[in-house]
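Residue numbers (this note's numbering), protein chains in the order written: chain X, -17 to 275; chain V, 5 to 538; chain Y, 11 to 320.
The next block holds one structure in the form of structure tokens; read it before the comments.
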Amino acid sequence: MAPAHAEAEHYYVPHSSPWPLYGSITLFTLMSGAVATLNGWMPAWSLLPGFTMLALLFIFWFHTVIGENQQGLYNLAVDRSFRMGMMWFIFSEVMFFAAFFGALFYARNLAVPWLAGEGVKIFNKMLWPDFDGVWPSNGPAIIGPRANGSFETVPALGLPALNTAILLASSVTVTIAHEALISGKRLRLKIFLAATFLLGFTFVYMQAKEYHEAYTELGLQLGTGIYGSTFFMLTGFHGLHVTVGAIMLTVIWLRVLRGHFTPQRHFGFEAVAWYWHFVDVVWLGLFIFVYWL
Amino acid sequence: MAMFEASGTTHLQEHHEHHAGPATGIKRWLFATNHKDIGTMYLVFSLIMFFVGGAMAMVIRAELFSPGLQLVDPERFNQMTTNHALVMIFGAVMPAFVGLANWMIPLQIGAPDMALPRMNNFSFWILPFAFTLLLSTFFVPGGMAAGGWTMYPPLMLQTGDSFPMVIFAIHMMGASSIMGAINVIVTILNMRAPHMNLLKMPLFCWSWLITAYLLIAVMPVLAGGVTMLLTDHYFKTSFFNAAGGGDPVMFEHIFWFFGHPEVYIMILPAFGIISEILPTFSRKPLFGATSMIYAIASIAFLSFIVWGHHMFVDGMPLAAQMFYMMSTMLIAVPTGVKVFNWTATMWRGSLSFEPPMLFALAFLFMFTIGGFSGVMLALVPADFQYQNTYFVVAHFHYVLVPGAVFAIMAAVYYWIPKWTGHMYSMRLAKTHFWLSTIFVNLLFFPQHFLGLAGMPRRIPDYAVQFTDWNRVSSIGAFGFGLAQILFVIVIIQCIRGGKKASAEVWDGALPTGLEWTLPSPAPYHSFTTPPDVK
Amino acid sequence: MRVTRGDDGRSAALSRKFGFAGALCLAALGWAASAAANTSNGYNLPLGVTEVSRDIYALHMEAFWICVGIAVLVFGAMIYSLLKFRHSRGAVADTTMSHSTQVEIIWTLIPAVILVVMAIPAARVILKMEDTRNSELSIRVTGYQWKWEYQYMDAAEGIDIFSTLARDSNFARQLHSGIDPNSVPNYLLEVDHPLVVPSGTKVRLLLTSQDVIHAWWVPDFGIKRSAVPGFVNELWFRVDPGKEGIYRGQCAALCGRDHGFMPIVVDVRTPDDFKKWVGEQKAALKPAAAAAADRPADRRTAGSVQALPN
Ligand code: HEA
Ligand code: HEA
Ligand code: CUA
Ligand SMILES: [Cu+2]
């Protein structure tokens, strides 16, 4: 056949695969479990099957893909598809966070001042005569755990500043690891990759400590009005992403120990690295708009 | 579906290479990775959902046939309205377009398959489970969600046990759409045959490329919004609760930031389809193809800055009202360019009226009517009278049913011979067309009058002066509904057998594009050897 | 008000021959509209009884006729090519005609201009509607599932009315009630206690809600606004002197089961009659008024109801 064919000829189209269907069933099980729990039809353990299946899904599916990769079934075209796919997936994640940042800005710059009767909304004073509308706010009905409805915020220059340092550092280490991988310095790669996910887990631990403090001492909880809502939903979803990212880094690290990845071809590594940088950037946004300003 | 296997295997003998033919039996569909199989599943699923959503619409129209409550209690009626919309949008129209993308994009750009075949199957199989979750709410205590497809809080938060099921169903649909969109983008950007540069690419692919960007941009926002609903309901958050410093209207902003691009997600691929069909049956290249692409792009861009036009009556600042009015009206300009270019495509052409062309023409007229009412709605003061009346219902059904849905039917009639290798019964198809066209106008045109005369939407019962137009509309609805049974008959016949279709299918017309260089039915593995585009 | 069978027949017939007939149908609508009463004639907006409603009507008709105009041109061109350039009539395609920058620029600019023409008067009306200054009577309107509360302020301070669907309509609208709606006067558009306002007076409504979002709408006044829980929306209307009478509307935001059954009825009276009415009311509910007078009462409810998210 003509050489022009070669490229697409070898574009790897898997014959058939059970994982997509299994994955859909997994999602369905997971969601059903969540529904049962939230509606109080069943105790929380009804979430277990879903999560177990999810864990298995990742193991199976990635195992297949990694296997195919090691067999060298993926040519450059396939590699490019994976890269683009990952980029657009990250973009969708950005938009997901955008929704919550949007909520934060809207509440802070519009809703709360309006409730306090700012500008044309003066008549809201009829409903909430003694609401001052200063941020941070848990609303005119001062909703929160404390009897007097008061609460404190997490000072930016405490754990958050430390966490910022940690994540920034981890971004550096992962870049160094990447350099090492490209220049074939495997030991260096192993060390700095390990450092990266260790930093990641440290971050999560710190975040957990911060949450504990907020809940027990600051009177700051998910139910502490709009401030609590935006604070915990933003930092919470971010923390979740850090956790997932750190786990993925660990997997990559194990693959490195197994001698996977070449200086030229290491999409898996790069994908996770991109994801990690994304998580890092989101955090900067959080640090500035949630903690600092 | 037997002919797929046949062609697939014969094709295999021709090219002795590592691709397998279709797996046999149910496995072929459950574990599918072939873009044609997955496309077929999408289309079948979408047709089923069209009937489910339509059946709900029939309940609505039957209840509205005369004043007073005859069939369902108000709560059930609202449930029908809400789920009719959710099913039609997320279950019928969007999957139909994804199905067409799956079938046609690889064929049109000369690719062996979609770029990420497993993810492709994942994004399909999520849907049946998502809709199982959504439709099973019919049986739970408190019934289905009844807050309207717009799900505004606090009303939505009053939903019973079905509340989390709806939210999670939407999460799953969102995941499915995002993966589908990523697949389309990657396929188009990475899998084009050599020398098939972007400007040579068929407009259907172009419209889908841009639609896919819209999907990736707004679906996650919807996911975020409904997540906030969930936490407001179960975890004490105050996003939409004024007492806690939130604002119910904030949800409307989040929803419509998704919602408006969403409506263009449902029309841009339709634009692409029309731009494929009109030239073929006008025997004349598409007029101003390049500006058509720019038009789609600018519509997509504008769709991000007009969402406020759904919220004029919620009391927004003056400046915002002005801005949203202007930006919304602006969309008429690029859309106009498309309509005019389509007209120019027919001008000095040589038109013949096969079923795809008939549906395309009907689209042209009736979508434009829907667009006109859209522009009227954009005028803020007038919208104070129109908003939440049947005038709005008339507007969006004109753009959605004789718009999006007719385009989908046109596409099926255009490409199904390529899929099955058989010609369908022209007589039946044309009957289907004329019945649909007559009844769809009977169904939705009087709703303009109802709205202007002051009939609010989302009501199960109405003041007696609205009786007559409602009767007309309901009769139109039943007629249109029954007419769709013909559609199914045509399709089934065409799959079962019929006159052999040639590779060009529309001989004598001017079908352009790579898909026509393949035999009909298209071999199981299209373009395992990439065609060279001159 | 009621549309005759004849009209159905016509519109049905017109609806055939797809969009083109649609355009004609629109035209028919427009023609019919020239005889617009102040309450709707059954297929077009009402002219209404306020300056704003008339402005809106004018805007609506202007936009409508512009669309009809464009429709005639565009559909005309389409239909011409349908008839003229038929393959069956041996028409040969001019395949050289692929694009023309000039015409494309022209038909980008013309619609833009038309839109500006539409937008300017619209903007003017918006400015007018947003001008809530020096209103003469304020009424606080609260939406509930499924009724309206009207609390008068200013001169009529203390008057507090709950307005619910009239009983006969309520009986008739039950599932399988067996009562023929046509036998019920003003079916679904009648309430027990209407809102009473003076004509020729700038009445300001302060809209809010106790539960979910509702919307207050009287077509003949040309105004519609959402009632959002926890927020207050403002709107105003001034009914022309001499247009006293009963005007009807409905809740215009899906608000749950009985959304279709919380009508709005406004009884517009001359300023003098209104004063008389206020007098009577005050006399009637002196003690009640006293209680309602100090607002804290409903503030607390406002707050506490809001406090529970759902
Ligand atoms: C496919 C879906 C689709 C499409 C394409 C559109 C297209 C448009 N829509 Fe529509 N719309 C919906 C689906 C859609 N809409 C839905 C579902 C709702 C209701 C949601 C809900 O509340 O449930 C809605 C509601 C809706 C509203 C809110 C109404 C209300 O609730 O009060 C408005 C207001 O501005 C609006 C405007 C427009 C405009 C200006 C366009 C424009 O894009 C139209 C542009 C096209 C043309 C104008 C015709 C062709 C142009 C020419 C021939 C050029 C010359 C023309 C002129 C100069 C006028 N739409
Ligand atoms: C793509 C989207 C889409 C599509 C295709 C349709 C299709 C139809 N819609 Fe829908 N509709 C919406 C999107 C759509 N709609 C949305 C977004 C809303 C707003 C919801 C809300 O307010 O929240 C809405 C609301 C809506 C209303 C207003 C309800 C209310 O305000 O209370 C009505 C009323 O007439 C209606 C009717 C119809 C009808 C008759 C069809 C017909 O075209 C359907 C025809 C199809 C069939 C009938 C199925 C095929 C045939 C059979 C099932 C066999 C059986 C047939 C018979 C027994 C006759 N729709
Ligand atoms: Cu109140 Cu609808
Ligand atoms: Cu819109």
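Backbone N, C-alpha and C fix where the C-beta goes; we use that ideal spot for every residue, glycine too.
Remember, predicted model here, so these are calculated numbers, not experimental data.
* Asked: Could you give the distance in angstroms between the alpha-carbon of residue 334 of chain V and the alpha-carbon of residue 227 of chain Y?
  -> 28 Å
* Straight-line Cα distance separating residue 70 of chain Y from residue 337 of chain V -> 20 Å
* Asked: From residue 127 of chain Y to residue 73 of chain Y, what does the alpha carbon distance come to, in whole angstroms?
  -> 9 Å
* To do: Could you check what DSSP says for residue 243 of chain Y in three-state terms: helix, strand or coil?
  => strand
* Asked: Taking 7 Å as the CB-CB limit, is residue 132 of chain X close to chain V?
  -> no
* To which residues of the same chain is residue 317 of chain Y closer than 8 Å at the C-beta, ignoring the five residues directly before and after it? -> Note on residue 317 of chain Y: pLDDT 34, under 50, position unreliable in the model; the coordinate value appears next. No residues qualify anywhere along the chain.
* To do: Starting from residue 288 of chain V, follow its DSSP beta bridges and name the residues at the other end.
  => DSSP lists no partner for residue 288 of chain V.
* How would you call residue 260 of chain Y, buried or exposed, if buried means at least 16 neighbouring beta carbons within 10 angstroms? -> buried
* Buried/exposed call for residue 51 of chain X, threshold 16 Cβ in 10 Å -> buried
* Which of helix, strand or coil DSSP assigns to residue 179 of chain V -> helix
* Asked: So is residue 42 of chain Y in contact with chain V if we call contact Cβ pairs under 7 Å?
  -> Low per-residue confidence applies at residue 42 of chain Y: pLDDT is 45, beneath 50, and the placement is therefore not dependable enough to give any value.
* **Beta carbon shell of ligand 4 at less than 7 Å from a heavy atom** => V:260, V:263, V:264, V:267, V:310, V:311, V:313, V:314
* 8 Å contact criterion, which residue 209 of chain X and residue 118 of chain X should meet: CB distance rounded -> 4 Å
* Asked: Taking the DSSP output, what are the residues bridged to residue 234 of chain Y?
  -> Y:227
* Find out if the Cβ-Cβ distance for the pair residue 260 of chain V, residue 175 of chain V is shorter than 7 Å. => no
* Asked: For the region 211 to 230 of chain Y, which residues have a CB atom closer than 7 Å to at least one CB atom of chain X, in sequence order?
  -> 216, 218
* Cβ of residue 336 of chain V within 7 Å of any chain Y Cβ -> yes
* Asked: Hey, does residue 247 of chain Y have any beta-carbon neighbour from chain C nearer than 7 Å?
  -> No chain C is present in this structure, whose protein chains are X, V and Y.
* Quick one: Cα of residue 212 of chain X to Cα of residue 243 of chain V, how far? -> 8 Å
* With DSSP as the reference, label residue 238 of chain V as helix, strand or coil. => helix
* Asked: Is it a yes or a no for the region 261 to 271 of chain X touching the region 219 to 227 of chain X, going by three-plus beta-carbon pairs under 8 Å?
  -> yes
* To do: Indicate whether the contact test is met: 3 or more Cβ pairs, each with one atom in the region 57 to 74 of chain V and one in the region 145 to 158 of chain V, closer than 8 Å.
  => no
* Sheet register partners of residue 159 of chain Y (DSSP bridge) -> Y:152, Y:172
* Beta-ladder partner(s) of residue 260 of chain Y, from DSSP -> Y:273
* To do: Quick one: list the residues of chain X neighbouring residue 244 of chain Y, beta-carbon separation under 7 Å, in chain order.
  => 105
* Could you check how far apart the C-beta atoms of residue 426 of chain V and residue 505 of chain V are, in whole angstroms? I think they sit under 8 Å. => 6 Å
* Could you tell me how far apart the beta carbons of residue 325 of chain Y and residue 274 of chain Y are, in whole angstroms, since I believe they sit closer than 8 Å? => Beyond the ends of chain Y as shown, which are 11 and 320, falls residue 325 of chain Y; an answer cannot be given.
* Kindly indicate if chain Y contains any beta-carbon less than 7 Å away from that of residue 108 of chain X. => yes
* Cutoff 7 Å: residue 196 of chain V Cβ touching any chain X Cβ -> no
* Asked: Does the separation of the CB atoms of residue 120 of chain V and residue 187 of chain V fall below 7 Å?
  -> yes
* Asked: Considering only the beta carbon of each residue, do residue 254 of chain Y and residue 292 of chain V sit closer than 7 Å?
  -> no
* Asked: What residues from chain X crowd round residue 165 of chain V, counting only those whose CB sits closer than 7 Å?
  -> 21
* To do: Leaving out five residues on either side along the sequence, give the residues of the same chain with a beta carbon under 6 Å from the beta carbon of residue 36 of chain V.
  => 42, 125
* So with Cβ pairs under 7 Å, would you call residue 24 of chain X a contact of chain V? -> no
* To do: Please determine if the region 8 to 26 of chain X and the region 163 to 177 of chain V are in contact, where contact requires at least 3 C-beta pairs separated by less than 8 Å.
  => yes
* Could you check the C-alpha separation between residue 27 of chain X and residue 455 of chain V for me, to the nearest Å? => 51 Å
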